[in-house]
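Participant: Protein sequence lines correspond, in order, to chains A and B. Mapped onto the working numbering, the consecutive letters of the first sequence carry residue numbers 1 to 111. Mapped onto the working numbering, the consecutive letters of the second sequence carry residue numbers 1 to 115. We put the beta carbon where it would ideally sit given N, CA and C, even for glycine.
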Amino acid sequence: QKEVEQNSGPLSVPEGAIASLNCTYSDRVSQSFFWYRQYSGKSPELIMSIYSNGDKEDGRFTAQLNKASQYVSLLIRDSQPSDSATYLCAVRESNDYKLSFGAGTTVTVRA
Amino acid sequence: GAVVSQHPSRVICKSGTSVKIECRSLDFQATTMFWYRQFPKQSLMLMATSNEGSKATYEQGVEKDKFLINHASLTLSTLTVTSAHPEDSSFYICSATPDGQETQYFGPGTRLLVL
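Printed below as a string of structure tokens:
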């Protein structure tokens with residue numbers, strides 16, 4: 001059974017700080033990794049996708065992937081109150097269109 | 001691009017009735033769509049994979065006769081909750097993957113309340 005685990009929250013950071021979110025996965029053949037943001041009462045929206053080892057940056061967000069360690073992370077730089085949400089890590093196996101989701105980490109950015 | 005819509009956004013129904021939820025990909029074709037359910041303060045639970053032109057694939061524990069899925073075209077999948085009961089009250093979210101891509105894009109969700 002594919003498992004995706006995220007660091008337990010909630011995570012509270014002051015405005016302007018870096019929020020660091022971690023995710024580990026159990027299935028070694030996983031090839032595609034995604035971070036989604038979900039505001040309370042809303043559906044998930046895609047923030048980042050990453051497929052290769054290393055870092056991928058998009059604005060204030062940086063995703064990091066280490067397939068050998070089965071680890072993917074998301075850094076949010078210069079955190080803003082609007083970043084307060086639940087962040088979901090999702091993993092896709094190469095031969096399966098399905099995503100396995102972590103339980104999510106709730107981030108609160110204090111003004 | 002990659003916009004997914006759902007209708008209705010919110011529905012209240014009486015116990016024993018059936019409710020149909022539509023999921024549309026507005027600017028792309030999607031052979032595969034997914035239906036999820038999310039209870040308060042819990043993560044997404046995949047219910048089924050909807051395949052255009054063929055039967056849906058249901059996850060373990062999801063009753064296919066209760067949650068009817070029809071993927072009638074490359075831009076439309078419907079989920080019908082038959083004989084709804086209060087325990088079916090939840091947030092139902094669909095997602096779609098553009099053909100040839102890997103990313104799932106989510107619809108805005110449908111909040112179902114069964115009285």
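#1: When the distance is taken between beta carbons, is Q64(A) closer than 8 Å to S52(A)?
#2: Which residues in chain D sit within 8 Å of Y105(B), going by Cβ to Cβ distance?
#3: Using a Cβ cut-off of 9 Å, pull out every chain B residue sitting near L99(A), in sequence order please.
#4: Can you look up E93(A) in the DSSP assignment and give me helix, strand or coil?
#5: In three-state terms, what does DSSP make of E45(A)?
#6: Compare the beta carbon distance of V4(A) and Y36(A) with 8 Å and say whether it is the shorter of the two.
#7: If you draw a straight line from the C-alpha of H71(B) to the C-alpha of F33(A), how long is it?
#8: With DSSP collapsed to three states, give me the class of S77(B).
#9: Cα-Cα, which of E102(B), W35(B), L76(B) and Q60(B) is closest to G53(B)?
#10: Below 7 Å CB to CB, which residues in the same chain sit around M33(B) once its five sequence neighbours on both sides are set aside?
#11: Which residues mark the beginning and the end of the beta strand (DSSP E) in which D55(A) is found?
#12: Beta-carbon of G104(A) versus every beta-carbon of chain B: anything under 8 Å?
#13: Would you say the stretch 76-92 of chain A touches the stretch 7-20 of chain A, given that touching needs at least three Cβ pairs under 8 Å?
Facilitator: If we stick to the structure as given:
#1: no
#2: This model lacks chain D altogether, as its protein chains are A and B.
#3: F34, L44, L46, S95 and Q104
#4: strand
#5: strand
#6: no
#7: 26 Å
#8: strand
#9: L76(B)
#10: C23, S50, H71, S77, C94, S95 and A96
#11: G54 to D58
#12: yes
#13: yes
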